[in-house]
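Take a look at the structure below.
Numbering (the working numbering), first residue to last: 1 to 103.
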């Protein structure tokens, strides 16, 4: 899917530049620049997902820390909400990262 979209974007850019300038050199340079920008955007999105996963993991660790309060006999009122919500976020982010990395 990603490769098809990449091919369509690069071909449409090349055709647009060719019909506008009638220069093969401009087509090659513009297509390479477009390809580089798309790769940078893809890399940045993967880094963003990794960063977001790290934030969600820290939220999960905090929830586990609050879980240790059970031993003392104190339980925060929204303990179940925090642990269930963070587990759902971690699972959703894992699936999103896997779907973005697989073609």
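Just so you know, even glycine gets a beta-carbon here, dropped at the ideal spot from N, CA and C.
Keep in mind it's a predicted model, so treat the numbers as computed, not measured.
So residue 12 is in the alpha helix (DSSP H); what residue range does that whole segment cover?
The residue labelled residue 12 in the question sits at position 12 within the chain shown. It spans 2-21 - the alpha helix (DSSP H) in which residue 12 sits, taken as one unbroken run.
Below 8 Å, can you find three or more Cβ-Cβ pairs linking the region 32-50 to the region 4-12?
yes
Going straight from the alpha carbon of residue 19 to that of residue 44, what length do you get?
In the chain shown, residue 19 corresponds to position 19, counting from 1. In the chain shown, residue 44 corresponds to position 44, counting from 1. Roughly 31 Å between the two C-alpha positions.
In its own chain, which residues sit with a C-beta less than 7 Å from the C-beta of residue 26, not counting the 5 before and 5 after it?
Locating residue 26 in the chain shown gives position 26, where the first residue counts as 1. Only 17 meet the Cβ criterion.
Using a 10 Å radius around the Cβ and a threshold of 16 neighbouring Cβ atoms, would you call residue 56 buried or exposed?
Locating residue 56 in the chain shown gives position 56, counting from the first residue. Answer is buried; the Cβ neighbour count reaches 16.
Cβ of residue 42 within 7 Å of Cβ of residue 93?
Position 42 of the chain shown holds residue 42. Position 93 of the chain shown holds residue 93. It is not a contact, given that the beta carbons lie outside the stated cut-off.
Let me make sure I understand the geometry here. Which of 58, 5, 91 and 14 has the alpha-carbon closest to that of residue 33?
Residue mapping note: residue 33 aligns to position 33 of the chain shown, counting from 1. Closest option to residue 33, Cα to Cα, is 14.
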